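**Student:** In my numbering, the protein residues as written are 137 to 326.
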């Protein structure tokens, strides 16, 4: 909407508000490399609303999700509905480790989502997940927000990622394209 900056509403604790502000700060600082016209920040306000009934949301684990939703909005790029993610974002775009990987992974699996983006620093936490579930879930460890966007956004033409990630991301892109070509299998999150 017309205006400037970011408005946050809903049952958000201080940590979640900081996550949204950090995500927005990174996006504004890196707008050109993300394919975003910097003028948008002078003319429009972004309103992020996270309704949660009576359950307040707090904790440092939504930064990459919020950043992905905002980049999706500003670039008009859809987010794959078949992927879950958790991780905090730093002001430099690094993806920081979070708690509760096991619980979050099992919740995603219950919803039928088996591709889950996690922080690289949480690889050690996969030892807590029973083998039967590890066989069903594709954990995708990432180090920075550009890797997240490359994986989560359909038809993303953002910056290139490191060589060690290219094959894995190419496989995910082929799956996303196949799902997209087979009909409505994607949506934008905002």
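All residues carry an ideal CB built from backbone N, CA and C; glycine is no exception.
As the structure is a prediction and not an experimental result, all values here were calculated from the model.
Hey, residue 228 and residue 254 are a contact pair by Cβ (cut 8 Å); roughly how many whole angstroms apart?
**Tutor:** Between residue 254 and residue 228 the Cβ distance is about 19 Å, and since that is not below 8 Å, they are no contact.
**Student:** Check each candidate in 197, 246 and 159 and name the one with the smallest Cα separation from residue 218.
**Tutor:** 246
**Student:** Whole angstroms is fine: what's the gap from residue 289's alpha carbon to residue 181's?
**Tutor:** 22 Å
**Student:** On a CA-only basis, which of 259, 265, 141 and 226 is nearest residue 179? Give me that one, please.
**Tutor:** 141
**Student:** With residue 273 as the anchor, note down where its beta strand (DSSP E) starts and where it stops.
**Tutor:** That residue, residue 273, is in no beta strand (DSSP E); it is neither H nor E in DSSP.
**Student:** Leaving aside the five residues before and after residue 177 along the sequence, list all residues of the same chain whose C-beta is less than 6 Å from its C-beta, in chain order.
**Tutor:** Close CB contacts of residue 177 within its chain, under the 6 Å cut and outside five residues either way in sequence, are with 164 (chain order).
**Student:** Write down the C-beta distance between residue 211 and residue 161 rounded to the nearest angstrom, noting that I regard them as a contact closer than 8 Å.
**Tutor:** Contact doesn't hold; Cβ gap of about 17 Å is too wide.
**Student:** For residue 185, does the three-state DSSP call read helix, strand or coil?
**Tutor:** strand
**Student:** Please classify residue 168: does DSSP put it in a helix, a strand, or coil?
**Tutor:** helix
**Student:** Give the secondary structure of residue 267 by DSSP, where H, G and I count as helix, E and B as strand, and everything else as coil.
**Tutor:** helix
**Student:** Taking only the alpha-carbon atoms, compute the straight-line gap between residue 273 and residue 266 and give it to the nearest angstrom.
**Tutor:** 11 Å
**Student:** Assign residue 143 to buried or exposed, taking buried as 16 or more other Cβ atoms, counted over all protein chains shown, within 10 Å of its Cβ.
**Tutor:** exposed
**Student:** Pick out whichever of 236, 145 and 214 has its Cα sitting closest to the Cα of residue 224.
**Tutor:** Distances from the CA of residue 224 to each of 236, 145 and 214 were compared; the closest alpha carbon is that of 236.
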